[in-house]
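Colleague:
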Amino acid sequence: MKKIGLVLSGGGALGVAHPALIKTIEAHGYRPNLISGTSAGACIGALYNWDMAPKPCLIL
Numbered sequence: 001m002k003k004i005g006l007v008l009s010g011g012g013a014l015g016v017a018h019p020a021l022i023k024t025i026e027a028h029g030y031r032p033n034l035i036s037g038t039s040a041g042a043c044i045g046a047l048y049n050w051d052m053a054p055k056p057c058l059i060l
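With UniProt numbering applied, the sequence shown corresponds to residues 1 to 60, in that order.
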């Protein structure tokens with residue numbers, strides 16, 4: 001299986017799109033091996049890495 005990385009950008013309010021992106025990636029059967037992010041992307045990436053599903057991230 002190929003290894004993939006996920007890079008999530010910052011941008012304050014734009015970070016709300018990250019959980020939807022992660023949900024779509026998972027729906028296609030992918031799970032990133034590496035997660036990197038800045039600002040809001042770092043927060044969402046950390047939550048995702050701690051195995052929080054995208055839906056709870058949307059609530060936060």
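Even glycine gets a Cβ: it sits at the ideal position worked out from N, Cα and C.
(1) With C-beta atoms as the reference, is G37 less than 7 Å away from L8?
(2) According to DSSP, is C45 helix, strand or coil?
(3) On the DSSP bridge list, what partners appear for S36?
(4) First and last residue of the alpha helix (DSSP H) that includes H18?
(5) How would you call H18, buried or exposed, if buried means at least 16 neighbouring beta carbons within 10 angstroms?
Modeller: So, to answer that:
(1) On the sequence shown, position 37 is the one that residue 37 refers to. On the sequence shown, position 8 is the one that residue 8 refers to. Their beta carbons are under 7 Å apart, which means G37 touches L8 by this criterion.
(2) Position 45 of the sequence shown, counted from the first residue, corresponds to residue 45. The sequence given here places Gly at residue 45; Cys does not occur at that position. It is helical.
(3) Translated into positions along the sequence shown, residue 36 becomes position 36. Note: S36 sits in a beta bridge opposite V7.
(4) Taking the sequence shown and counting its residues from 1, one reaches residue 18 at position 18. Its alpha helix (DSSP H) spans residues 18 to 27.
(5) Taking the first residue of the sequence shown as 1, we reach residue 18 at position 18. When all chains shown are included, H18 counts as buried.
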